[in-house]
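Enquirer: In terms of our numbering, the sequence shown opens at residue -9 and continues consecutively.
Just so it is clear, CB atoms sit at the ideal spot from N, CA and C, and this is done for glycine as well.
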Amino acid sequence: VQLVALASGGTGNYSFQWTSLPPGFTSTASEVVVYPEASTTYKVTLTDGLETLQKSVSIQVNPMPAVYSLTGDGDFCAGDEGATIGLNGSENGVIYQLFKNAEPIAQKAGTGQAISFGKFLSAGTYTASASFSQNNCSRNMQGAVQINPLPLPVVVAGPNQYIEIGTQTTLSAAANGGSGTYQFNWTPLDKLLNPNQANPATLALFETTLFEVTATDAQTGCISKAAQSVVFITGGDLNLRVQASSYSFCPGETVQLQGLPSGGSGSYEFQWQSVPPGFSSNLANPRVQPIVSTKYLLTVTDGFTVITDSLEIEVRPQPQGFILSGGGSYCAGSMSKDIVLEGSENSVFYSLLRNGESTGLLRIGNGQPIVFGQQNLEGVYQVEAFSQQYLCAGMMPGNVEVSQLDVPEIFAGFDRTIQSGTVTNLNAQASGGSGNYSFSWSPAEKVTNPLAQQTLTIPLFQNTIFSLDAVDNQTNCQAQADQLQVFVQGGDLKVDATASPTEICVGESVSLNAIVSGGTASYYYSWTSSPPGFYAGDMQPNASPTVSTWYYLRVYDGQETATDSVFVQVSEAPATFVVSGGGVVCGAYQMKPVNLSGSQSGIKYQLFHDNNLIVEIFGNGQALQFGNFTQPGVYSVMAVSVNNSCTISMSGEAIIEQGIVPLANAGPDKWLEMSGQVTLEGSISGNQNAQFIWNPAAKLLNPDALQPTTIVLDRTTLY
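#1: Let me know the beta strand (DSSP E) ranges lying completely inside the segment 26 to 66, each 3 residues or longer, listed in chain order.
#2: Quick one: residues in its chain with C-beta nearer than 8 Å to the C-beta of Ser641, no 5 flanking neighbours on either side, listed in chain order?
#3: Assuming Asp600 and Gly363 are in contact, meaning their beta carbons sit under 8 Å apart, how far apart are those beta carbons, in whole angstroms?
#4: How big is the Cα-Cα spacing for Val476 and Val370?
#5: Threshold first: 3 residues or longer. Then list the beta strand (DSSP E) segments lying entirely within the segment 432 to 464, N to C.
#6: Quick one: which unbroken beta strand (DSSP E) runs of 3-plus residues sit fully inside the segment 482 to 533? Chain order, please.
#7: Have a look at the DSSP bridge pairing and note the partners of Leu352.
#8: Would Trp517 be called buried (16 or more neighbouring beta carbons within 10 Å of its own) or exposed?
#9: Is Ser626 buried or exposed, if buried means 16 or more other CB atoms sit within 10 Å of its CB?
#10: Quick one: Cα of Gln338 to Cα of Asn655, how far?
#11: Restricting to runs no shorter than 3 residues, where is the beta strand (DSSP E) found entirely within the segment 230 to 312?
#12: According to DSSP, simplified to helix, strand and coil, what is Leu543?
#13: Determine the burial state of Phe174: buried for a count of at least 16 other Cβ atoms within 10 Å of its Cβ, exposed for fewer.
#14: Which stretch, first to last residue, makes up the beta strand (DSSP E) that contains Met385?
#15: In the DSSP assignment, the beta strand (DSSP E) including Asn78 goes from what residue to what residue?
#16: Just the C-alpha distance for Gln50 and Pro387, rounded to the nearest angstrom, thanks.
#17: Any contact between the segment 212 to 232 and the segment 288 to 300? By contact I mean 3 or more CB pairs, one from each, below 8 Å.
#18: Buried or exposed: Asn426, going by 16 or more other Cβ atoms within 10 Å of its Cβ?
#19: Any idea which residues DSSP pairs Cys321 with across the strands?
#20: Restricting to Cα atoms, I'd like to know which of Asp70, Phe312, Leu586 is closest to Met628.
#21: Between which two residues does the beta strand (DSSP E) holding Asn613 run?
#22: Just tell me which of Ala73, Gly527, Lys689, Thr637 has its CA closest to the CA of Trp8.
#23: Can you tell me the Cβ-Cβ gap for Val560 and Ser538, rounded? I've got them flagged as a contact below 8 Å.
#24: Is the shortest distance between the beta-carbon of Trp262 and the beta-carbons of chain C less than 8 Å?
#25: Which same chain residues end up closer than 6 Å to Cys576 when comparing Cβ atoms and leaving out the 5 residues on each side of it in sequence?
#26: Exposed or buried, which one is Ile448 when buried takes at least 16 other CB atoms within 10 Å?
#27: Counting C-beta neighbours from all protein chains within 10 Å, is the total for Glu643 16 or more, i.e. buried, or is it exposed?
#28: Beta strand (DSSP E) containing Lys582: first to last residue?
#29: Going by the CB atoms, is the gap between Ala134 and Thr115 shorter than 8 Å?
#30: Where does Ala19 fall in DSSP's three states?
#31: From which residue to which residue does the beta strand (DSSP E) around Asn389 run?
#32: With which residues is Asn175 paired in a DSSP beta bridge?
#33: Where does Arg353 land, buried or exposed, given buried means 16+ other C-beta within 10 angstroms?
#34: If Val221 sits next to Ile329, beta carbons under 8 Å apart, how far is it from one beta carbon to the other, in whole angstroms?
#35: Please confirm if the segment 379 to 393 is in contact with the segment 416 to 435, defined as three or more CB-CB distances below 8 Å between the two stretches.
#36: With a cut-off of 8 Å on the beta carbons, I'd call Ala402 and Asp486 a contact; round off their distance for me.
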């Protein structure tokens, strides 16, 4: 901080002497730079050889947030859930902001423990900052997370082949992308000699077989999408099987059909039809995108024989659409309107997105409108719905935009000194916003026109602080008030010490004010306290007492001294206890508890869900149980003293996360000859990291595989 002593008058031969309270700084220069680590009063003594004057200024040093490290693993395979980003610690009363490429994307309130911002998919550099909600002191957190979605390899299977019944062939695959080193995996395993080779050999084949291959990047572990190759079997009787890449999916998804004729001449013609009608194709493997559940029929001829087969595709329903409302424009420093989804379905999950990325807010539908609360980050907000029952997602229609309006900046004018019983002119200055303002001066009874930009005061006989307010007439945004003080010179020196407020809680601050009139109007202020420890040398210092305190004011105008005092009552804040509970819920009706490790009598404990108050209970001196909850989100607790309204955030938070339940499909029924084997075509939707188990396991070679192979079967078996 730069301090400047401006001297005028006298002999012009000036000497300066700077000192400080607490002591430790001295200087004889007129301009000094100081680096206070705590709130400090600096006093300068000016001498011109004949006269001596003293002035002081107080610098309030607010605490900075503690530094924590950003955590998260930025590498993940494209298509995965993304990288989790968080901080390895946090403080109560501190707001943590996450940035992507210097643009704010998420906020979290400190809990006294490690916090998570959520999962993120977009490539970029993620950093974080912290700021105290009371004084806006901020600093950057340590480290950065570089999110880098790893590319998936691309695998290509060789062309379809035609071979005689009972013979073998060699398949081929090639991959590109990623690191360049791959592990290949072919299925079905029971029809291959070496399924982990790029070019495996088949066993002797007696029916047309669809082979699938994936490539795994040996360095990153990322797995490609599957590629397919069909080996058609010619000779013998003409047979036909049909299959699909999925037998149950959501509207808008694409499914590949596959006709697998065996035997006959090997010269096949295909004709697909659908029920309900509307689709036809002469391809062996067409892609379809039905909007309702559909039956597909395939007719194949080899020039001599005609054969048919069919399959059914289930189209699962998407969530119902509801309109999004709220948001809009808001004035900087205030809060926007709640974002509300006008309706919901039971057991459907609704996620709030900002500019296409998750905000981390997730709600479970209950048949009623859903309130996502006030969102102050600018951007376009949408809601994506996900049905836990059908594992289908869909965007809700429409969006809302949140934008911040500039608030006018105003200046009431410089402090001034006038003679007792005279008037002065007040002239407001404003900038920013629309440029069209309304003004208001207070105290209104001490000016001639309190609603004018420029007004005269009435005759003043004591020092007076005038406050200026202004409103933007187009946006209704209100400026932060500004003040000026008019010092009245003449008459006896009088002083009145005030505090605002006079009752506070531990951790809060109080504004002290010296109201002085009379004398020379050149005042030196000295504040002390009992218990001791507070020093200040300006007219309006701030203090943060931890116990009830008397503040003593001494004012000297160069000729006489006046004193006064003011008492500030400090009340104890509630004790801090730890919030626990939460966890992962797998179904819409599964619940998790939220608890508090202790409580005090006479204290009210408020439970918040994503900053919205949901439960209030009174302490009893024991641990508290708020109940069981199903809605995903962050649960935090605030303690409020009934006697003095002192509040404090409890340590920690309970987080309820929604786990995605996989939806299993056992695939189509299979037909085979006595003493034959077959591969089952299981598939899943939802959680792709699921583990599998088929039953009866004793009749499968690999019952924990998604598509297992049976043992030799001599009878019809239900799997």
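Expert: To lay it out plainly:
#1: 30 to 37, 42 to 49
#2: Cβ contact annotation for Ser641 (same chain, cutoff 8 Å, sequence separation greater than five): Asn82, Thr101, Gly102, Gln103, Thr566, Phe567, Val568, Val569, in chain order.
#3: 6 Å
#4: Taking the straight line joining both Cα atoms gives about 48 Å.
#5: Complete beta strand (DSSP E) runs here, min 3: 444 to 446, 454 to 462.
#6: List check, beta strand (DSSP E) in window: 484 to 490, 493 to 495, 500 to 507, 514 to 520.
#7: Ser341
#8: buried
#9: buried
#10: One detail in the question is off: residue 338 reads as Val in this sequence, not Gln. Taking the straight line from one Cα to the other gives about 21 Å.
#11: 245 to 252, 259 to 265, 284 to 291, 296 to 305
#12: strand
#13: buried
#14: 383 to 385
#15: Here Asn78 belongs to no beta strand (DSSP E), and DSSP marks it neither H nor E.
#16: 51 Å
#17: yes
#18: Label assigned to Asn426: exposed.
#19: The secondary-structure analysis by DSSP pairs Cys321 across a beta bridge with Leu395.
#20: Comparing Cα positions, the closest option is Leu586.
#21: Note that residue 613 is Ala in the sequence shown here, rather than Asn. Looking at the DSSP string, Ala613 is not in any beta strand (DSSP E), and its letter there is neither H nor E.
#22: Gly527
#23: 5 Å
#24: Of the protein chains in this structure there is only one, and it is not chain C.
#25: Gly649, Val651
#26: exposed
#27: buried
#28: 582 to 586
#29: yes
#30: coil
#31: No beta strand (DSSP E) contains Asn389, which DSSP labels as neither H nor E.
#32: For Asn175, which the question treats as bridged, DSSP gives the partners Thr204.
#33: buried
#34: That pair is no contact at about 55 Å.
#35: no
#36: With a Cβ gap of about 21 Å, Ala402 and Asp486 do not count as contacting.
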